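Shown next, in structure tokens, is the structure this report addresses.
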Ligand code: PAF
């Protein structure tokens, strides 16, 4: 497994794949890899001849008050895990390579990026994500790029961005990988204290109960109100708990209006947790 740190070295490595007519999958990450990331890598290996994993903690998607400085960085463990899985190339640019002096372009996605979910609480977030993911796709030129469904709105934003900008990479989502107790895997779970960690699976349990109530015919608004109250009782501060159209993310009030995705974002202590499930 090679680690490259400049765009020039990256382009040489990917050109050698292309010369051999090998297909390429990209798994973009910010490091602090967990079993969810490794599932993305395994899918990438099944889909393509070569797998590139990018590791870049992207400052452009953090607001000044957010956790850029404390975001977990586990380089040695990440490299060991990727090497054990047979990844071909790790793309690990520095901030100065990704955003050199004079860098002055930012993609501001619309549509799904303005759905009133993550964007309402992290207004800077999708501009930063879209800009860095567009750069990663143009740098690596993969046939396929793989993202987790845990960041469901992000997956929609990136899919639309690649389509709108005619970037010829197929964007693929992989269902959320969970702990045995249902907690969605996230690098930020490392922030949870022991007692918060034992409360955290409530989120997934409430999402499942809420989905069951909707399937059983309870009005969506009522099912959401019950779920929100359950989460708040457990000490979570709810940013949003919503039922949205699974394709468009438009607000939805009845099962008749289309496939439903339930999406939740909360704070537990100082840790922000997000999750979602299909109804
Ligand atoms: O989901 C993430 O880890 C990040 O938002 C991504 C897609 C790697 C962009 O920095």
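Numbering (my numbering), first residue to last: 1248 to 1526.
Idealized CB from N, CA, C, for every residue including glycine.
Bear in mind the structure is a predicted one, so any value in this text is a computation, not a measurement.
Quick check on residue 1305: does DSSP put it in helix, strand or coil? As a first step, residue 1305 is located in the chain shown; it is residue number 58 there, counting from the start. DSSP places residue 1305 in the coil class of the three-state scheme, outside both helix and strand.
Can you tell me whether residue 1432 is helix, strand or coil according to DSSP? As a working note, residue 1432 is residue 185 in the chain shown. Residue 1432 sits in coil when the DSSP states are folded into three classes, being neither helix nor strand.
In angstroms with no decimal places, state the Cα-to-Cα distance between residue 1487 and residue 1370. Position 240 of the chain shown, counting from 1, holds the residue named residue 1487. Position 123 of the chain shown, counting from 1, holds the residue named residue 1370. About 14 Å.
Give me, in chain order, the residues of the same chain whose beta-carbon lies closer than 7 Å to that of residue 1286; leave out the 5 immediate sequence neighbours on both sides. Locating residue 1286 in the chain shown gives position 39, counting from the first residue. Closer than 7 Å at the Cβ level, and outside the excluded window around residue 1286, lie 1421 and 1424.
Would DSSP call residue 1479 helix, strand or coil? Taking the first residue of the chain shown as position 1, residue 1479 is located at position 232. DSSP, read as helix, strand or coil, puts residue 1479 in helix.
Through-space distance from residue 1307 to residue 1313, alpha-carbon basis: For this step, residue 1313 is matched to residue 66 along the chain shown. For this step, residue 1307 is matched to residue 60 along the chain shown. Roughly 11 Å between the two C-alpha positions.
Can residue 1436 be considered in contact with the ligand PAF, in the sense that its beta carbon sits closer than 7 Å to one or more heavy atoms? Position 189 of the chain shown, counted from the start, is the residue given in the question as residue 1436. Residue 1436 has its Cβ no nearer than 7 Å to any heavy atom of the ligand PAF.
Quick one: using the 10 Å Cβ neighbour count with 16 as the cut-off for buried, is residue 1400 buried or exposed? Position 153 of the chain shown, counted from the first residue, corresponds to residue 1400. Taking all protein chains in view, the Cβ of residue 1400 is crowded by 16 or more other Cβ atoms within 10 Å, so the residue is classified as buried.
Measuring straight from C-alpha to C-alpha, what distance separates residue 1321 and residue 1501? Position 74 of the chain shown, counting from 1, holds the residue named residue 1321. Position 254 of the chain shown, counting from 1, holds the residue named residue 1501. Straight-line Cα distance between these residues: approximately 44 Å.
So, at 8 Å on beta carbons, what are the nonlocal neighbours of residue 1437 in its own chain, with the 5 sequence-adjacent residues on each side left out? Translated into the one-based positions of the chain shown, residue 1437 becomes position 190. Apart from sequence neighbours up to five positions away, the residues of its chain that approach residue 1437 with a beta-carbon distance below 8 Å are 1279 and 1319, ordered along the chain.
Run the proximity test for residue 1423: is its beta-carbon closer than 7 Å to any non-hydrogen atom belonging to the ligand PAF? One-based indexing of the chain shown puts residue 1423 at position 176. Residue 1423: no, Cβ never under 7 Å from the ligand PAF.
For residue 1395 and residue 1283, believed in contact at Cβ under 8 Å, the rounded distance: For this step, residue 1283 is matched to residue 36 along the chain shown. For this step, residue 1395 is matched to residue 148 along the chain shown. Confirmed, about 6 Å.
At what residues does the beta strand (DSSP E) containing residue 1420 begin and finish? As a first step, residue 1420 is located in the chain shown; it is residue number 173 there, counting from the start. First-last of the beta strand (DSSP E) with residue 1420: 1417-1421.
Can you look up residue 1492 in the DSSP assignment and give me helix, strand or coil? As a working note, residue 1492 is residue 245 in the chain shown. Reduced to three states, the DSSP call for residue 1492 is strand.
Candidates 1461, 1332 and 1294, of which the one nearest residue 1508 by Cα: Here residue 1508 refers to the residue found at position 261 when the chain shown is read from its first residue. Among 1461, 1332 and 1294, the Cα nearest to that of residue 1508 belongs to 1461.
Rounded to whole angstroms, what's the CA-CA distance from residue 1418 to residue 1407? Just pull it up for me. The sequence position of residue 1418 within the chain shown is 171, counting from 1. The sequence position of residue 1407 within the chain shown is 160, counting from 1. CA-CA distance, residue 1418 to residue 1407, rounds to 9 Å.
Keeping to the same chain, check which residues put their C-beta closer than 6 Å to that of residue 1332; ignore five residues upstream and five downstream. If you number the chain shown from 1, residue 1332 lands on position 85. So the qualifying residues of the chain are 1288.
Is the number of C-beta pairs between the segment 1342-1360 and the segment 1476-1493 that are closer than 8 Å three or more? Short answer: they don't touch.
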